[in-house]
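S.K.: Under this note's numbering, the first residue of the sequence shown is numbered 1, with each subsequent residue one higher.
Built from N, CA and C at the ideal position, the CB exists for glycine as well.
Note that the structure is a prediction, hence the values are computed from the model and not measured.
One structure coming up, written as structure tokens, with questions to follow.
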Amino acid sequence: MRNYVEVAYQVGEKPFGEYPLQLAKHLIDKYTLKEGMKILDNGCGRGEFLHAFSTLGMQVEGCDISSYCQQAKIADLNKEKLPFPDEYFDVVFTKSVIEHISDTEHYMNEMKRVLKKGGLLILLVPDWETQYFIFYQDPTHIHPYTKASVYKLLKMMEFESVESEKFIQLPCVWKSKFLKGLSYCLRMFGPVKKIYKHKFIRFSRELMILGSGRKGM
């Protein structure tokens, strides 16, 4: 069977664009990450966030079940140990991965293992409440998540300073109260029932959950 990344995210059909760099900068600012920190992109897919974080001065490594990204190390994230030593990274970043994972406990434990004490886990996952009509259009999706379930998962895994929030994937709204309000108005139409081509309409209604927590000292 062909790899999902090769089918859904071919660079020729879906180029990287500016968003990975914009999101990486937003997260660096939000969590006050320092230049030179070691970051793991766990489930890095095509490697766009490896490039983004590296461009912004971070030391980045990636891991994925696929060999699509030549810079990534390979591991079955459902059952294998990550190919990194204990307490190696300052930050572990994982975007749009955990919903594909069958063994959530193993996946979370491995990310926690490779984090330094006091290190930060940043997790982004599709928001079930705004995407439940389209969530299973991706045949590799297994577990849906909400703001509450991400918070509880991080607490169950004994992370500290846990936060969970709904996140809009539109850089233009991150610093604009007006556009954020307009985006909110579009969500009044309810959960999305199709994938829209217009990015502002689509990502005003298709939200993500942004969760974070720190490994205890």
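Around the Cβ of Cys63, are there at least 16 other Cβ atoms within 10 angstroms (buried) or fewer (exposed)?
M.R.: Burial call: buried.
S.K.: Three or more beta-carbon pairs under 8 Å between the stretch 75 to 88 and the stretch 123 to 130, yes or no?
M.R.: Verdict: no, contact absent.
S.K.: Taking its Cβ as the centre, do 16 or more other Cβ atoms sit within 10 Å of Gly211, making it buried, or is it exposed?
M.R.: So Gly211 ends up on the buried side.
S.K.: Return the CA-CA distance between Gly12 and Arg113, expressed in angstroms with no decimal places.
M.R.: Any reading at Gly12 needs caution, since the residue's pLDDT is 48, under 50, leaving its predicted position unreliable; the model's value is listed next. When rounded, the distance between both Cα atoms is 36 Å.
S.K.: Would you tell me roughly how many angstroms separate the C-alpha atoms of Leu120 and Lys199, rounded to the nearest one?
M.R.: Going from the Cα of Leu120 to the Cα of Lys199 covers about 30 Å.
S.K.: DSSP beta-bridge partners for Gln169?
M.R.: None, per the DSSP bridge assignment.
S.K.: So if DSSP puts Arg214 in a beta bridge, which residue, or which two residues, is it bridged to?
M.R.: Partner(s): Leu120, Glu160.
S.K.: Pull up the distance between the alpha-carbon of Ser54 and that of Gly43, whole angstroms please.
M.R.: Cα to Cα, Ser54 sits roughly 16 Å from Gly43.
S.K.: Am I right that Asp41 and Val60 are in contact with their C-beta atoms under 8 Å? What's the rounded C-beta distance?
M.R.: Contact flag correct, Cβ pair sits at about 6 Å.
S.K.: Just mark Ala24 as buried or exposed, buried being the case when its beta carbon has 16 or more other beta carbons within 10 Å.
M.R.: Buried, because 16 or more other Cβ atoms sit within 10 Å of the Cβ of Ala24.
S.K.: In this structure, does DSSP put Gly181 in helix, strand or coil?
M.R.: Helix.
S.K.: Can you tell which of Gly57, His26, Gly213, Leu27 has its C-alpha closest to the C-alpha of Lys38?
M.R.: Ranking Gly57, His26, Gly213, Leu27 by Cα distance to Lys38 puts Gly57 first.
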